[in-house]
Amino acid sequence: AQTVTQSQPEMSVQEAETVTLSCTYDTSESDYYLFWYKQPPSRQMILVIRQEAYKQQNATENRFSVNFQKAAKSFSLKISDSQLGDAAMYFCASGNTGNQFYFGTGTSLTVIP
Amino acid sequence: DTEVTQTPKHLVMGMTNKKSLKCEQHMGHRAMYWYKQKAKKPPELMFVYSYEKLSINESVPSRFSPECPNSSLLNLHLHALQPEDSALYLCASSHLGLAGGYNEQFFGPGTRLTVL
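Residue numbers (the working numbering), protein chains in the order written: chain H, 1 to 113; chain Y, 114 to 229.
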C-alpha cells in the first residue's frame, strides 16, 4: 500500500508571489508516478503536473514545477507568479502499476489580491 | 477527445428511489473508476473496472451497483440510499498500468447527489 501526506491543510499567497505546497509519500513500489491535481470550487479535478519516479529531472509545466526528492520521498509543488485562478484545493497523489491512486488530504490555497 | 462526461450534474433522490449515474469517455482508456467525495476531503475510491471487468471493490455497500457495458461507458446504479450517501460522485478513466505511458486519471465534472 501507499500513503500520501499533505501537512498543510491551508495556505495563502499574495497574487504574483510564489508558494510551495508540501507532499510526502511512502511506498514499497519500484515503479510509480506522482501527481498534483487541482480542484477549484467547481469541483472538477484537473491534472496540474506529473512526475515519473524513475526520472531525476523535476517536471515543470509553465508556472508549476515540482521538487522531487526520491530518497526523502518528498514531492512538493511550486507555483510561481500566483494568479487568482490558482485558488483551489490541491491534492497530491501517487499511482502504481495496479492502477490505484492514493490521494493526500489536500491543501486549500487562497490567493490574496 | 480528452474529456470524461458525467450525467446528470445534479441529482436529488429519496431513500426509496432507484437512479443511475452515467459516465462516458472516448480516449481509449481501459480502466474506469468511481469515486465518492465529501466536501473538503479527498476522493475515496469505490470501484475500478479494468477491461470492462470489476477489478477493485473497496467494500462498498450493495446499495451501490456498478456496471460497465462497454469500454467507453460506466454506470453506477443507486438503490435505497441513505442521507449520508450525499456527496459528489466522480468518474475517472486512465490507461491501464504504466505500459501506456502516464497513467494519470482523467476526471469527469462529477454528479452532486443529495439523498433526502
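Every residue, glycine too, gets a C-beta built ideally from N, C-alpha and C.
- As the crow flies, the alpha-carbon of H:Leu77 is around 29 Å from that of Y:Glu171.
- For Y:Glu217, the residues of chain H that pass the 8 Å Cβ criterion are Tyr33, Phe35, Leu47, Arg50 and Gly95, in the order they occur in the chain.
- Under the three-state reduction of DSSP output, Y:Glu116 falls in the coil class, being neither helix nor strand.
- In the three-state scheme derived from DSSP, where H, G and I count as helix and E and B as strand, Y:Pro196 is classed as helix.
- Less than 9 Å divides the Cβ of Y:Glu165 from the Cβ of Y:Pro182.
- Collapsing the DSSP output to three states places H:Asp31 in coil.
- Within chain Y, the residues whose beta carbon sits less than 9 Å from that of H:Phe91 are Pro155 and Pro156, listed in sequence order.
- H:Leu84 carries a helical assignment under DSSP once its states are collapsed to helix, strand and coil.
- Chain Y places no beta carbon closer than 9 Å to that of H:Ser22, leaving this residue out of the contacts.
- H:Ser42 sits in coil when the DSSP states are folded into three classes, being neither helix nor strand.
- If one requires a minimum length of 3 residues, the beta strand (DSSP E) runs lying completely within the region 46-84 of chain H are 46-52, 64-69 and 74-79, in chain order.
- Between the region 101-112 of chain H and the region 41-56 of chain H, the count of C-beta pairs closer than 8 Å stays below three; the two stretches do not touch.
- Among the CB atoms of chain Y, one or more fall inside 9 Å of the CB of H:Ser42.
- A residue is called buried when at least 16 other Cβ atoms come within 10 angstroms of its Cβ; Y:Lys149 meets this threshold and is buried.
- Boundaries for H:Glu15: no beta strand (DSSP E) harbours it, and the DSSP string shows neither H nor E there.
- Sequence-distant partners of H:Met11 (beyond 5 residues in either direction) whose C-beta falls short of 8 Å from its own C-beta, in its chain, are Val19, Leu21, Thr107, Ser108, Leu109 and Thr110.
- In the three-state DSSP reduction, Y:His208 falls in the coil class, being neither helix nor strand.
- For Y:Glu137, the three-state secondary structure derived from DSSP is strand.
- DSSP places Y:Lys149 inside the beta strand (DSSP E), whose first and last residues are Ala144 to Gln150.
- Going by DSSP, H:Tyr102 is part of the beta strand (DSSP E) stretching over Phe101 to Phe103.
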